[in-house]
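For the sequence shown, our numbering gives the first residue as 14, with consecutive numbering after it.
Following: one structure in structure tokens, then a few remarks.
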Amino acid sequence: MFRTDRLDSAPTDTDWAAYLVTVSARPAGLAFVRSPTGPKRALNSVFIVRGAHRKEIASMPSNK
């Protein structure tokens, strides 16, 4: 079963960051990362819309 406790705290906890995944300037997904400024980051959750899956957009967003 999917645990939501970490995901629920992501928007309000300062040790978390949310990244919007875009394809051709359009929203394609969302990724939540824990400790984004620390020496080790942890990717917690990634959501990619179905249309982006079809275009094989499944890699982690870059820092660009």
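Here a beta-carbon is modelled for each residue, glycine too, at the ideal position from N, C-alpha and C.
Note that the coordinates shown come from a computational prediction; the quantities given were computed from them, not determined experimentally.
Starting from residue i and walking both ways along the beta strand (DSSP E), at which residues does that stretch end?
i, result
"ARG39", "39-47"
"THR17", "Note, THR17: premise wrong, no beta strand (DSSP E); not H, not E."
"VAL62", "Careful: VAL62 lies outside any beta strand (DSSP E) and carries neither H nor E."
Kindly give me the distance between the Cβ atoms of residue i and residue j, rounded to whole angstroms, as I take these residues to be in contact under 8 Å.
i, j, result
"VAL46", "ALA55", "7 Å"
"ASP28", "SER48", "6 Å"
Sort the options by Cα distance to residue i and report the nearest one.
i, options, result
"LEU43", "VAL34, PRO49, GLY51 and ALA30", "VAL34"
"ALA65", "PRO24, VAL36 and THR25", "VAL36"
Would you tell me roughly how many angstroms separate the C-alpha atoms of residue i and residue j, rounded to the nearest one?
i, j, result
"ARG16", "ALA38", "31 Å"
"PRO26", "PRO52", "According to the sequence shown, residue 26 is Asp rather than Pro. Each residue's alpha carbon lies about 18 Å from the other."
"PHE60", "PRO24", "15 Å"
"LYS77", "TYR32", "The predicted position of LYS77 is uncertain, since its pLDDT is 46 and thus under 50; no value can be drawn from it."
"ASP21", "ALA30", "13 Å"
For residue i, count neighbouring Cβ atoms within 10 angstroms of its own Cβ and tell me buried if that reaches 16, exposed if not.
i, result
"ALA5", "Look at the range of the chain in this structure, 14 to 77, and you will see that residue 5 is not part of it."
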